[in-house]
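Colleague:
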Amino acid sequence: MTHAAPESPDHARPVVFRNGTVLTMDDAHTVLADGDLLVVDDRISAVGRALEVPEGTLEIDARGGVVMPGMIDTHRHMWQTAMRGYGADWTLTQYFVWYYLEHGNKFRPEDIFAGNQLSAWESLEAGVTTTVDWSHGLQTVDHADAAVDALQSVPGRFVLAYGNIQAAPWEWTADPAVHSFFERRRAGSDDMLGFQLAFDVTGDPAFPEKAAFEVARELGLAVTTHAGVWGATNDDGIRLMHENGFMTPETTYVHASTLTRDSYQRIAATGGSISVATESECSAGQGHAPTEQVLQYGIPVSLSMDTSVWWSGDMFSAMRATLNADRMAEHMDAHLKGETITHLRLRAQKVVEWTTRGGAHALGRDDLGSLQPGKKADVVLIKNDASPVSFPLLNPYGHVAFQAQRADVHTVVVDGRVVKADGKLVGIDLAPVRREIESTIEYLRGACGDEVWQQGMFPQMPDAEASILDNPYQYSDYVDEGKRAGGEERVLGR
Ligand SMILES: [Zn+2]
């Protein structure tokens, strides 16, 4: 190694990555072998070979590694990281029951803080330089302030997508306290922190969510919404949004799995992005990741991890899961027709693109997502000389998508600051982070009671007495009779 790790985030000092394989992710998909990348202040200053650098520049030896844009996760319920791995064997129904109906309202502001803080560090550690906090546990403005305080305590880039599953979207978005929250927190924020509104559209023909969309428009906030989630949201919600003029290029449609051609056409025509969360879709039951459809209709795509209550919080897993799911579907569709796939439609380059510039596009941040002079300096070096998996480095996109792991994230730069160096986070003391999580878990376990806590983690198969759960979105009296007749009710084993 040619450099010493800095003691703390260092803005004043330029940084140069030397002799790496640079995935610029520019329009021409330029890959530079033996390339250098120079960061000055918060911007990428130059990309090239044997760059001249200012005196005092921090030199990082990137030889044998991949230099790529910081990864972007457009949908993560960061507060739920406090319960990492708890729901590993859940279905979506069990998730809805635990958080939406039974226990989500137990979370206090300090619990939101603890989860967000841990999740934010986790992002940086894995080279995820921008994370959208799909923060739907904000039952009071105190919870929202705690969420933002946590995000601002960590040197990453975040977007708080404000949500509240404990109230109807048209109720909490009308709350004057929520409006003054945005006034307060947006006034004090820079481009390290953005804001969105996060809520779902149930398909109620009365379209009560209209008022929430109007608030988003009034406040100039993009809307992110779980769309096409089997049994919860469907084409009706998309159609109502479209007919009322609320589908815009800034809108993010999370999952967008269980939708028909009509909805994909409306999304494509209005320019919004789909956030594909394949690891989630594969096991929770929203529907199959819509990778075939986004390619077919030319819909912009970003990737996301959804929640660490089940899954990993790194984009390597997202890329891998997305390639695997698409290829499995492509092969199986062919096999059903007695045919053989000889050329795969979804390539490693594409998923790397989705997790970098795709995320930047979804957030309207064209200054992120690629390594070009003038862009914001969010940069990741993947390099692990001690690992036999680090060589040979032949196909850099394939290497990133299928070979690399979070432990191979050597250096992370956000906004020109080194936040991870030599494989270690800079300026973090994990002890208080851990203490705050432990105190949240102790509180939640106590509030649930031991038996309920254990049963929640290890759900038993239902017996004959199993109760039937209606749509988890119980904000209005609306019941989709078509869905009921279609047998989409859930049997719940509790
Ligand atoms: Zn989600």
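Heads up, the sequence shown is in numbering that gives the first Met the number 0, so the first residue is 0 and it goes up one at a time.
Glycine residues also receive a C-beta, built at the ideal position from the N, C-alpha and C atoms.
In this text the structure is predicted, and so the values were computed from the model without any measurement.
May I ask you to report which of helix, strand or coil DSSP gives residue 419?
Modeller: It is a strand residue.
Colleague: Could you spell out the range, first to last residue, of the beta strand (DSSP E) harbouring residue 300?
Modeller: Note, residue 300: beta strand (DSSP E), 300-302.
Colleague: Can you list, in chain order, the residues of its chain whose CB lies under 6 Å from that of residue 422, leaving out five sequence neighbours each side?
Modeller: Excluding residues within five positions, the ones whose Cβ falls inside 6 Å are 409.
Colleague: With distances taken between CB atoms, is the gap from residue 94 to residue 164 smaller than 8 Å?
Modeller: No, they are not a contact pair.
Colleague: Would you kindly work out how many angstroms separate the C-alpha atoms of residue 8 and residue 133, rounded to a whole number?
Modeller: Caution applies to residue 8, whose pLDDT of 48 falls short of 50 and renders its modelled position unreliable; the value that the coordinates give is listed next. Whole-angstrom Cα-Cα distance: 27 Å.
Colleague: At 4 residues or longer, what runs of the alpha helix (DSSP H) sit wholly inside the segment 170-199?
Modeller: Counting only runs of 4 or more, we get 175-186.
Colleague: Here's the rule: buried if 16 or more other CB atoms are within 10 angstroms of the residue's CB, otherwise exposed. What is residue 103?
Modeller: Flag for residue 103 reads buried.
Colleague: Which ranges would you report for the alpha helix (DSSP H) in the segment 335-378 if only whole runs of at least 4 residues count?
Modeller: For the segment 335-378, whole alpha helix (DSSP H) runs of length 4 or above, ordered along the chain, are 347-352 and 358-361.
Colleague: Once the 5 residues before and after residue 3 are set aside, which same chain residues still bring their CB inside 8 Å of it?
Modeller: Low confidence applies here, because residue 3 scores a pLDDT of 40, under 50, leaving its location unreliable; read the following figure in that light. Closer than 8 Å at the Cβ level, and outside the excluded window around residue 3, lies no residue.
Colleague: Just list the residues that DSSP pairs residue 272 with in beta bridges.
Modeller: Paired residue(s): 251.
Colleague: So, do the segment 350-360 and the segment 38-49 have three or more beta carbon pairs nearer to each other than 8 Å?
Modeller: The segment 350-360 is not in contact with the segment 38-49.
Colleague: Please report how far the alpha carbon of residue 90 lies from the alpha carbon of residue 37, in whole angstroms.
Modeller: Whole-angstrom Cα-Cα distance: 46 Å.
Colleague: Return the CA-CA distance between residue 223 and residue 286, expressed in angstroms with no decimal places.
Modeller: Straight-line Cα distance between these residues: approximately 18 Å.
Colleague: Using the three-state DSSP reduction, which class does residue 133 fall into: helix, strand or coil?
Modeller: Note: residue 133 maps to strand in three-state DSSP.
Colleague: Roughly how many angstroms lie between the CA atoms of residue 273 and residue 213, to the nearest whole one?
Modeller: If I take the Cα positions, the gap works out to 22 Å.
Colleague: Is residue 28 helix, strand or coil when you go by DSSP?
Modeller: Residue 28 falls in the coil class under three-state DSSP.
Colleague: In chain order, what residues of the same chain lie with their CB nearer than 7 Å to the CB of residue 152, ignoring the 5 residues before and after it?
Modeller: Hits under 7 Å: 116.
Colleague: Does the beta-carbon of residue 72, which I'm using as the reference point, lie nearer than 7 Å to any heavy atom of ligand 1?
Modeller: Residue 72: no, Cβ never under 7 Å from ligand 1.
Colleague: Buried or exposed: which applies to residue 489, given that a residue is buried once 16 or more other Cβ atoms fall within 10 Å of its Cβ?
Modeller: With a pLDDT of 32 at residue 489, under the threshold of 50, the predicted position of this residue should be treated as unreliable, and no value is reported.
Colleague: Are there any heavy atoms of ligand 1 lying less than 7 Å away from the beta-carbon of residue 253, as far as the coordinates show?
Modeller: Yes, the Cβ of residue 253 comes within 7 Å of a heavy atom of ligand 1.
Colleague: Express the C-alpha separation of residue 316 and residue 11 in angstroms, rounding to a whole number.
Modeller: Each residue's Cα considered, the two are about 34 Å apart.
Colleague: Taking the beta carbon of residue 254 as the centre, do at least 16 other beta carbons fall within 10 Å, making it buried, or is it exposed?
Modeller: Per the 10 Å Cβ criterion, buried.
Colleague: When the Cα atoms are used, what is the spatial distance from residue 158 to residue 135?
Modeller: In a straight line, the C-alpha of residue 158 is about 13 Å away from that of residue 135.
Colleague: Pop quiz: residue 197 and residue 162 are said to be a contact at Cβ under 8 Å. What is the actual Cβ separation, rounded to whole angstroms?
Modeller: With a Cβ gap of about 3 Å, residue 197 and residue 162 count as contacting.
Colleague: Where residue 434 and residue 86 are concerned, what is the direct C-alpha to C-alpha distance, given to the nearest angstrom?
Modeller: Near 21 Å, if we compare the C-alpha coordinates of residue 86 and residue 434.
Colleague: Figure out for me which residue from 201, 264, 231 and 221 has the closest Cα to the Cα of residue 239.
Modeller: Per the Cα distances, 201.
Colleague: Who are the near neighbours of residue 400 in its chain, counting only those whose CB is closer than 8 Å to its CB and skipping five residues on each side?
Modeller: Result list for residue 400: 315, 318, 319, 322, 347, 350 and 351, in chain order.
Colleague: Can you tell me where the beta strand (DSSP E) holding residue 157 begins and where it ends?
Modeller: First-last of the beta strand (DSSP E) with residue 157: 156-161.
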